[in-house]
Amino acid sequence: SFRSYWTRVLLEQLRTVRGDVSIKEVSDATMIRPQDIVDTLQSLGMIKYWKGTHLIHADPKSVQEHLAKIPLQAMIDVDPTCLHWQPLQTQPQRKRP
228 SFRSYWTRVL LEQLRTVRGD VSIKEVSDAT MIRPQDIVDT LQSLGMIKYW
278 KGTHLIHADP KSVQEHLAKI PLQAMIDVDP TCLHWQPLQT QPQRKRP
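Just so it is clear: in the sequence shown, position 39 is 266 by the working numbering, and no numbers are missing.
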C-alpha cells in the first residue's frame, strides 16, 4: 500500500537527518506530497501541530523503534534512468448527433 511505502521512505529519510527538517524539505527529498507526509507521520505519532503549523517530532530512538517494526521485505530498486514517462494519449470524444 502507499502508506507502508511512505512509512518506510519517510523513516529512512528521517534516520539520515540531523537537526530540524521541514515537511517541505522531506517532500522535496522524497517526492511525497506534504499532506501524505503529515498523514503518515501523524499515524506514527511523529508530528505535532503548533501555532498553525505541523512540526516533525522524530527523535532518532523513535525512528529506529518504528523501523524495527517494519517487516524485512526486499525493497525494489528502480533505476530512474530507465523510466520513460509519457502522458496518456486519449482520442477526443466526438459529439453524438
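Backbone N, C-alpha and C define an ideal beta-carbon position, used for all residues, glycine too.
Predicted model only: the values in this text are computed from it and were never measured.
Practice item. With distances taken Cα to Cα, identify the nearest neighbour of TRP233 among LYS296, THR243, LYS251, THR257. Key: Looking up residue 233 in the sequence shown gives position 6. The shortest C-alpha separation from TRP233 is found at THR257.
Practice item. Please classify VAL305: is it buried, with 16 or more other beta-carbons within 10 angstroms of its beta-carbon, or exposed? Key: What you label residue 305 is simply residue 78 of the sequence shown in a count that begins at 1. Burial call: exposed.
Point to revise | Secondary structure of ILE297, DSSP reduced to three states | key: Translated into positions along the sequence shown, residue 297 becomes position 70. If DSSP states are grouped into helix, strand and coil, ILE297 belongs with coil.
**Study point:** Completely contained beta strand (DSSP E) runs for the stretch 233-291, where each covers 3 or more residues
**Key:** Those beta strand (DSSP E) runs which fall completely within the stretch 233-291 and span 3+ residues are 274-277, 280-283.
Review point. Between the C-alpha atoms of SER254 and ASP266, what's the straight-line distance to the nearest angstrom?
Key: The sequence position of residue 254 within the sequence shown is 27, counting from 1. The sequence position of residue 266 within the sequence shown is 39, counting from 1. So the alpha carbons of these two residues sit roughly 13 Å apart.
Review point. Would the beta-carbon of SER270 fall within 9 Å of that of ARG230?
Key: Working through the sequence shown from its first residue, we reach residue 270 at position 43. Working through the sequence shown from its first residue, we reach residue 230 at position 3. Yes, these two residues count as a Cβ contact at 9 Å.
Point to revise | PRO307 (DSSP reduced to helix, strand or coil) | key: In the sequence shown, residue 307 corresponds to position 80, counting from 1. In the three-state DSSP reduction, PRO307 falls in the helix class (H, G or I).
Practice item. Report yes if the C-beta distance between LEU294 and GLU239 is below 9 Å; otherwise report no. Key: Residue 294 sits at position 67 when you count from the first residue of the sequence shown. Residue 239 sits at position 12 when you count from the first residue of the sequence shown. The answer is yes: Cβ separation under 9 Å.
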